[in-house]
Structure formats: structure tokens, C-alpha cells
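> Residue numbers (the numbering used here), protein chains in the order written: chain E, 1 to 471; chain B, 472 to 875.
Note that CB positions come from ideal geometry on N, CA and C, so glycine has one too.
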Amino acid sequence: MVFSSVEFLFLFLPLFLLAQNFLPWRNLSFVLFSLVFYFAGEGWFTAVVAVSVAINYVFGLRIGDAADPRKRKQLLAVSVALNLALLIFFKYAGFIADTLFHPAKDSIWMNIHLPLGISFFTFHAISYLVDIYRRDARAERSFVNLSLYMLMFPQLIAGPILRFHMVAGQLRRRVVTSRHVYYGLLLFCFGLGQKVLLADTMAGVADPLFARADTLSTQTAWLAAICYTLQIFFDFGGYSNMAMGLGWMAGFHFPRNFNFPYIARSITDFWRRWHMSLSRWFRDYLYIPLGGNRLGPLKTYRNLMIVFLLCGLWHGAAWTFVLWGAYHGLLLVLERLGWEKLLQKSPRLLQHGYTMLAVIVGWVLFRAASVEQAGQILAKMFLLRTAEDLTIRQILNGEEMVVLVVAIALSAPLVPALLRRLVALPGLRPWPRRVPAWQYSAGVVLGLSILLGAALKILTGAYSPFIYFRF
Amino acid sequence: MRTRPDAVRLSAGARLWTTLAALFLLIPVLGMRLQSTERLELFHNRSLQPWPAAAAFAADPAAWFRAARGWLGDRVYPIRRAAQWRKRLLLNVFHTAPGRQVALGEDGYVFLTGTSNATPYDILENICLKAHIPAAGPAMRRALREAAGYGQRRGIAVDVVVLPTLLTLYPERLPESVPPQYRAACRAAAAGDSPLLHIAAPAGVHYVFPFRELQALRDDPGFFPQANWHASGWSVQVARDAYLAALGLAPPAQETRTAAQAPSEILRLSDLTRAQPVYELHNADVQADGDGEAGFRTAIAALIPNPRFITSVFVNANAASGESVLILSDSYGQLFAPALAGAFRSVAQITANEMAPGDAARLIEQTDRWRRLDRVILLTHDGGAFRVYGWTQSLRVAATRLQP
Chain E
1 MVFSSVEFLF LFLPLFLLAQ NFLPWRNLSF VLFSLVFYFA GEGWFTAVVA
51 VSVAINYVFG LRIGDAADPR KRKQLLAVSV ALNLALLIFF KYAGFIADTL
101 FHPAKDSIWM NIHLPLGISF FTFHAISYLV DIYRRDARAE RSFVNLSLYM
151 LMFPQLIAGP ILRFHMVAGQ LRRRVVTSRH VYYGLLLFCF GLGQKVLLAD
201 TMAGVADPLF ARADTLSTQT AWLAAICYTL QIFFDFGGYS NMAMGLGWMA
251 GFHFPRNFNF PYIARSITDF WRRWHMSLSR WFRDYLYIPL GGNRLGPLKT
301 YRNLMIVFLL CGLWHGAAWT FVLWGAYHGL LLVLERLGWE KLLQKSPRLL
351 QHGYTMLAVI VGWVLFRAAS VEQAGQILAK MFLLRTAEDL TIRQILNGEE
401 MVVLVVAIAL SAPLVPALLR RLVALPGLRP WPRRVPAWQY SAGVVLGLSI
451 LLGAALKILT GAYSPFIYFR F
Chain B
472 MRTRPDAVRL SAGARLWTTL AALFLLIPVL GMRLQSTERL ELFHNRSLQP
522 WPAAAAFAAD PAAWFRAARG WLGDRVYPIR RAAQWRKRLL LNVFHTAPGR
572 QVALGEDGYV FLTGTSNATP YDILENICLK AHIPAAGPAM RRALREAAGY
622 GQRRGIAVDV VVLPTLLTLY PERLPESVPP QYRAACRAAA AGDSPLLHIA
672 APAGVHYVFP FRELQALRDD PGFFPQANWH ASGWSVQVAR DAYLAALGLA
722 PPAQETRTAA QAPSEILRLS DLTRAQPVYE LHNADVQADG DGEAGFRTAI
772 AALIPNPRFI TSVFVNANAA SGESVLILSD SYGQLFAPAL AGAFRSVAQI
822 TANEMAPGDA ARLIEQTDRW RRLDRVILLT HDGGAFRVYG WTQSLRVAAT
872 RLQP
């Protein structure tokens, strides 16, 4: 079930809100709704996530109760290995088998079902276990609360990734006020608009172009890459905003996942702004344990490469993702080697230009169906081997042209900053104490307008793929 | 397992807001009962998806939920109105066609380029790429020979009329969003390269493709309605007159032509209205024959699988010709029939798109039993010429069974 579907928006969500309102066991009802949400998409494969919760519940308690540091470490190693084994079996077995011994397409290895969101709930589980091991949080004694942490439907299948110690307190006790509901609804509407009105429209341009990569001209290859760059940001950013909005409505404060990544001035800066919950997870649970930047430059570069290779693999079991991860790792190492300092001395426009170019090239690797296809598109983009193809005017209709311009404008913080003067908007920091009532009214009008605009597209069954579901 | 009912606290304001939001979001589901199944089926142009069987749940719950989603998606309220609003928004705000099978040209031209969103260019392909290729010449000549053979043996004149479309008459108005190969092919057809223009009919058959006649008058904005699929009014009048001239008949003297405004036929398919200049033909001598049409439908009903097939019958007591004519056609025949009735005693028309082509001869026989036929006109637009080939094959087979 996706947030921008008829069944979620007009049936599941209102019933969930009513249940949260009128049922006393809110965490339990939240878990049950989350199970239905997952079951509707995955059927009996829900057992995989249920088993994962059960294993982590038991191991969490044992790690929490163990006094002997060696035993704690052993328990952590076993439990993390179990989680990774589950992830590797379902997500990477086919890829590993294909790489090592090229089994037939119809062999069992190539047809292992990938449960939705397995990368996300595995990372949640590891965060839980490591936080208990480090004593950053107490082991969760309530099975319902742990189930809620791992299964919570707003973030179950596409994040943001919640580190356990950040939400442990909210699982046990939280307060929902009218302001939470207002901000939650508004954020959900913003996310829905980003997803349905912007990302889906850009997908309608990018997908057919990527599907015929071999016939693109330089112009259309760039158009494909730019539209996908916008699609993935508004798709994933929109989903994250919807998840955050749903969290607010239920009294949870999820961390912000995006901070205008396309205004970054270096790739280092980009990763401080893009999928921030994933970056933080890798930093806290992999990069720092590997030694981070404390063991000298060479080991820092090694750690960065390891983190980004794994980050690429986390996104998907394919060589394109490995390449994408390696590419970003390499850029980060280059920036550490002095390229970033050099950049800082150059004009801002050049910094932005370099970053966007690097990011767009990266997205071509990320989006392409194969390394060969990525090569075809990049060759068209840079080697100017111009083939006869449609012009941009032939490809984009009126709606797509307007959305392209609006999407570019909304990728920068200027419009949201202007909007903030008119509308009571949720932000990174705690909200101001006094917001004029008319700003709330303006927010309601804005939210309703976006909701109605998105609903028009949703009701009429417009094209709506969700990129991050496959991760 | 431990959890306390009071671990989460909601303020009264939060309860009120969430309840209001939930009720608002439930409108599309609660409103489903306000819509009739019949209208929804018309809107979707197919049967609505049924509620999945409970027995299928255990075998594959995800598939069961997908089917339930389909059921909900078909009925959600107000889906018809939402589609209309979205299409209006696309057309009026973004100047974007309401579907991929519609192309918006400049100066108000609207082209139907495909039969559905999934096949946005199949009409263009039929008309501009397939209908005017060199092979079309021999195919049409063979069809005319087959028609002539049947006509001679059966004692019924069989003629062929092919009408140009907006796509071949105004190819330069196709927008740039239409792939260049189609635009180029339509331009080539319009430039006079079509083999359909260079066909001499065998004796006993009249063949009319009044492309040049229509092209000569195309600059008048209402001549061929610029946002319609079908030729109507003045353009039909010119085509009809070209056909009558081939028979040696004069145009009907009583007929008048007036300029008017009418909604776009193509946009109306998407529940949109946009007025365009048109011409209307009036002839007081031509009368719709309701009783005759009922008899005609009864006579041929067994041959058409869809009971909603389209027919019309017109009579004209003051016609110059006393002949009784059958127009076996695609939808282009629907507006041609009343115009033709200005010159003939009786004109019956059937839109035979859904009839098996092999049944053409039987259809003529059944019609002839209902009302003695003097003449049959096989009529299509230029992209539908393949129908003519199918129908004449049926006539050829039937002719072999007739005594010379």
C-alpha cells in the first residue's frame, strides 16, 4: 500500500486516525494497523518481519540483562549476524548467485521474493540492538512497543530510519495536541503534493526516456537525467514528509530526512542534506565503529569507501548501485584530499554547478537498468554523439513544462522561506510560541488546496510509481 | 506484553482535528453509493471490477488486496467529476491534451491520434503510415474489381467512397509533440503522394476519394470542424457532391448551409466542452424514417454482436434519384447518410465496425430483403480503407455462388 493510493488516503488513513482517537490501546492499535498495511502488500511474507521482531525482542532483552561485557558483545554479534543473514538471504542471494555462478533465470536463487522494506526494518533492528548494547537506551520490555518501533507503518517500508534511542521515550509516553495534528496534516499534504504533483509528473517524462536510452540525443539524455533528479528528490522527500506528518499526528517526532540537498556546495555537503537518517545511521553504526576519521587519513578514506560501497549495496542488489556508492565514496575521498578546500575558494556558482553535475551523473548510475545503459546515457550526455531525437518541446506537454519549472524552484529554500511568512509551517526547530491565527488558516487553505490537487490525480488513477519501495 | 492505555495522551483539540480530517478523507469511500454502476461502467468503458472472492484470500492475500483495491479504485467518489476537473485543468490551464491519444494543434485544432491512452498513435499509424503506402493502390484496385464482380452478378451497384480526415487535410497543424515520422507521413499523404488518388475504377463501380475537392476549401475554419474526428457540414457536402457528380447527379437544390458554433467532438469524449465554428446542412425534404430504421435493425440484428450498433434510415419523397441506397460504413457514414439522402429516395446506413467483414454480403442480402436495394456504398475514412478490402472479399466469395 502506498501513501498516494486511493485505499490508503481514503480508507486506511481515516480509519487509523479514528482508531487513534477513540481506542484506548493506541500503541497496540498502531501495531495492528501497521500489520494490516504490510500484509496488504506482502501477504504471508509478513511472517518475515514478525519473526524479525520476535528475534530482536528476545536478543534485546538478553543483551540488556547481561552484565558480562563479553557475553553482551557475543549476543550483539549473533543478533546482528541474524539480522544481516535475513537481509542477505532475501535481498542479495540472487545477486551473489548471479555474480558467482550465473544460475538460470528461473532457478530458485533468482526468484527469491524481496519483502518490502527489509532494508529499513533490518536497520531499525540493528539500531535497537546496538543502542541497548551501548547503553544508549534500555531494552524494550513491551513487545508491543518494540513491534511499534520496527513495524510503524509511516516509516516501515521507506524510512526515515529511526535510531532507537531517539524514539524510545516516545514509544512509552507521548502527547498529541491540536498543533501536532495541524503540522502533521500540513506536512502530510506537502509530501503528498511533492509526490503526486511533482515526482509523478517528472516520472512520466523520465521513465519513457530511460526506457529508450539507446535512441536518446544529448538534449534528451540531459532531460531524462534532470527529470529523474527531480523525481527522486520529490518522490523520496515527499514520502519522508508524509511519514513525518503521519508521525506528528500520532505524537511521534521523526527526524527530518532532507534539507534542500540540491543547494549543496559539495558532495560532502550533499550527504549532510540527502537521506539524513540513513547518513546518520551509517555514521553511528558503521563509520564511527570502523574508526571514523580518528585513525589517520588513509583509514578515513578506507572507511568512507566501505561506508559508501555498502550504502550503494543497501539501495539495491545490482552493480549500478555498487557503482553509484563507489562513485560517491570516491568523490568524498577526493574532497577530503583537498578538492573541497579548493572549491570553497571558488565562486558559489561553481560550487553548486560542480555538485549538481556530480549528483546528476550519480543519479544516472542509480536509475539505469544496467551498467551498460548507464554508460549509454552518460555517453550521450557528455560525448555529444547526437542522434536524431525529439526536441524537448515534443517531449514535454504543458503540464510537464510547468511542473519542471516549479520543481526546480521548490528544490531551493527560497519559496518555502517566502511561504513561511504567510503560513504557519513546521520546521526543523521547535515551533515559535506565538503564531498568528491567520497563519494557521492560511496553512489549512494551502494544505487543502494541495490535497485536492493531488486527490484529482489519485482518483483518476494517474501514473504513480514509488522509487524507494524497492529498497 | 505490557502497554498502558494511557501511555499516549490526546488533547481535546487534537481529537477534534483528527476526527474532522478523518471524516473528510472518508468522503470518497462513503460517497461510493451515490454513483450508479451503469454510469461508472460508461465512464470506465468496461465492466467494473468485482469484489474478490473470500476463498481467494488464504491462497494469496496480496493478490486479494490488489483485487479489492481495483474494486475500490473503480468506484471511488467522485471519480467521474474528478476526471472531468483534471482534464479541464489540463486543457485550460496547462494547454495539455486530456489524454495521450489527443493532440492539441495550434489555432484550436484538436486531433484524435489514437484509440486509447495505451495506443496513442494507432490512428495516425493507420491513416498516415499504412493507408497511403504504394501497396494501398493494388489493394484498392482489387477491392474495386471484387465490388464490380458482385454488383454485376447481383444486380446492385456497389460503389466505394473514401473520405479524408483532419489528419490528412491539415497535417501541418499537428503539434510538435506528435512524433516526426507520423507528421512527415501525413504531410506526404497531403502533398498528393497517396496512391488512393490515382485509381481508375473498373466499369460498374464508382470510386470517389474527394481529397483535392476538400483540400481546395480547407482554409475556411468551419469547413472541416477543427476539433472533430468526423467530417460534417460543408466538408461532407463537398464529398457528397463529388460522389453525386461521379454518378451524374446534381446536388440537392433544397439544401441550405448555415454557419454555426458547436462543441468539439473529440474533447466531448473527455467530458470537455469547447465551441468551434462549423457548418450545418438543412434539407426539409429529408426525413428520418423511424419505423423503417426499426425494420432495418431487425433485419440485420443477427449479424452485429453488439446490440447497441448504430444505424439510421432517411427517406426523401422529392429526391432526384428514386434509388434505395445502403451505406455500409465506419462512423464517417453517420453524417454522410443524411446529406446523401438529399439526392436519393431512401438511404439506410449502418456503422459496421463491429461486424465481421466476412458478413458484408449477408448484410446486403438481409437489407435487400427488408427493402429492395439499388445501390450499396462502401464508405470509410482513409485510415479505414482496410475495412473496404475486407468487405469486398466477402462480396467476392458471395459472387462465386451467384449465377452470372
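Does any CB atom of chain B fall closer than 7 angstroms to the CB of Q155 (chain E)?
Judged by the 7 angstroms Cβ criterion, Q155 (chain E) is not in contact with chain B.
> What residues in its chain sit with their C-beta under 7 angstroms from that of L428 (chain E), if we drop five residues either side in the sequence?
Here the model assigns L428 (chain E) a pLDDT of 47, short of 50, so the residue's position is not dependable and the matter cannot be decided.
> Does any CB atom of chain E fall closer than 7 angstroms to the CB of V479 (chain B)?
yes
> How far does the alpha helix (DSSP H) with F101 (chain E) in it extend, from its first residue to its last?
It spans 93-101 - the alpha helix (DSSP H) in which F101 (chain E) sits, taken as one unbroken run.
> Assuming L849 (chain B) is part of the beta strand (DSSP E), what are its boundary residues?
846-852
> If you measure beta-carbon to beta-carbon, which residues of the region 421-455 of chain E are closer than 8 angstroms to chain B?
A455
> Tell me the residue span of the beta strand (DSSP E) that contains Q697 (chain B).
Looking at the DSSP string, Q697 (chain B) is not in any beta strand (DSSP E), and its letter there is neither H nor E.
> How should F258 (chain E) be labelled, buried or exposed, when 16 other C-beta atoms within 10 angstroms of its C-beta is the threshold for buried?
A residue is called buried when at least 16 other Cβ atoms come within 10 angstroms of its Cβ; F258 (chain E) meets this threshold and is buried.
> Run through chain E and tell me which residues come within less than 9 angstroms of P650 (chain B), C-beta to C-beta.
L390, Q394
> Could you give the residue range of the alpha helix (DSSP H) that holds I598 (chain B)?
Note, I598 (chain B): premise wrong, no alpha helix (DSSP H); not H, not E.
> Can you give me the C-alpha to C-alpha distance between L501 (chain B) and T584 (chain B), rounded to a whole angstrom?
38 angstroms
> Between A454 (chain E) and L192 (chain E), what straight-line distance do the alpha-carbon atoms span, to the nearest angstrom?
Using only the alpha carbons, I get a separation of about 7 angstroms.
> Closer than 7 angstroms, CB to CB, is F236 (chain E) near chain B or not?
no
> Please report the straight-line C-alpha distance between L17 (chain E) and A493 (chain B), rounded to a whole angstrom.
Going by C-alpha positions, L17 (chain E) is about 6 angstroms away from A493 (chain B).
> Straight-line CA distance for L82 (chain E) to V130 (chain E)?
14 angstroms
> Measuring straight from C-alpha to C-alpha, what distance separates I848 (chain B) and A687 (chain B)?
Looking at the two C-alpha atoms, the distance is approximately 24 angstroms.
> Return the first residue and the last residue of the beta strand (DSSP E) that R843 (chain B) is part of.
Where R843 (chain B) is concerned, there is no enclosing beta strand (DSSP E), because DSSP gives it neither an H nor an E.
> Taking contact to mean at least 3 C-beta pairs separated by less than 8 angstroms, is the region 153-168 of chain E in contact with the region 193-204 of chain E?
Touching, no, given that fewer than three Cβ pairs across the two stretches are closer than 8 angstroms.
> For T489 (chain B) and chain E, any beta-carbon pair shorter than 7 angstroms?
yes
> Shorter than 7 angstroms from the beta carbon of V573 (chain B) to some beta carbon of chain E?
no
> Can you pull the chain B neighbours of L11 (chain E), defined as C-beta to C-beta under 8 angstroms?
L497, V500, L543
> What is the rounded straight-line gap between the Cα of N787 (chain B) and the Cα of L667 (chain B)?
32 angstroms
> Is F30 (chain E) near L496 (chain B), with beta carbons less than 7 angstroms apart?
no
> Would the region 638-645 of chain B and the region 657-667 of chain B be scored as touching if the rule is three or more Cβ pairs under 8 angstroms?
yes
> Could you check which residue in E:I263, E:V371, E:F22 has the C-alpha nearest to that of Q351 (chain E)?
E:I263
> Would you mind sorting A85 (chain E) into buried or exposed? The rule is 16 or more other CB atoms within 10 Å of its CB.
exposed
> From the DSSP output, in three-state form, read off H315 (chain E) for me.
helix
> For a contact defined as C-beta to C-beta under 8 angstroms, what are the partners of D664 (chain B) on chain E?
Chain E residues near D664 (chain B): none, gap ~22 angstroms exceeds 8 angstroms.
> Give the range of the alpha helix (DSSP H) segment to which V53 (chain E) is assigned.
It spans 46-65 - the alpha helix (DSSP H) in which V53 (chain E) sits, taken as one unbroken run.
> With a threshold of 16 other CB atoms inside 10 Å of the CB of T876 (chain B), please say whether the residue is buried or exposed.
Here chain B has residues from 472 to 875 only, and residue 876 (chain B) is not among them.
> Which residue comes first and which comes last in the alpha helix (DSSP H) that contains V167 (chain E)?
164-172 is the span of the alpha helix (DSSP H), which, as asked, contains V167 (chain E).
> For R138 (chain E) and chain B, any beta-carbon pair shorter than 7 angstroms?
no
> What does L561 (chain B) touch in chain E if you count any residue whose Cβ is under 7 angstroms from its own?
E399
> Please return the same chain residues whose Cβ sits closer than 6 angstroms to the Cβ of S802 (chain B), not counting the five positions on each side in sequence.
Only T822 meet the Cβ criterion.
> To the nearest angstrom, how far is it from the Cα of T586 (chain B) to the Cα of W700 (chain B)?
12 angstroms
> Who are the neighbours of T560 (chain E) on chain B, taking C-beta pairs under 7 angstroms?
Lying outside 1 to 471, the shown extent of chain E, residue 560 (chain E) is not represented and no answer is given.
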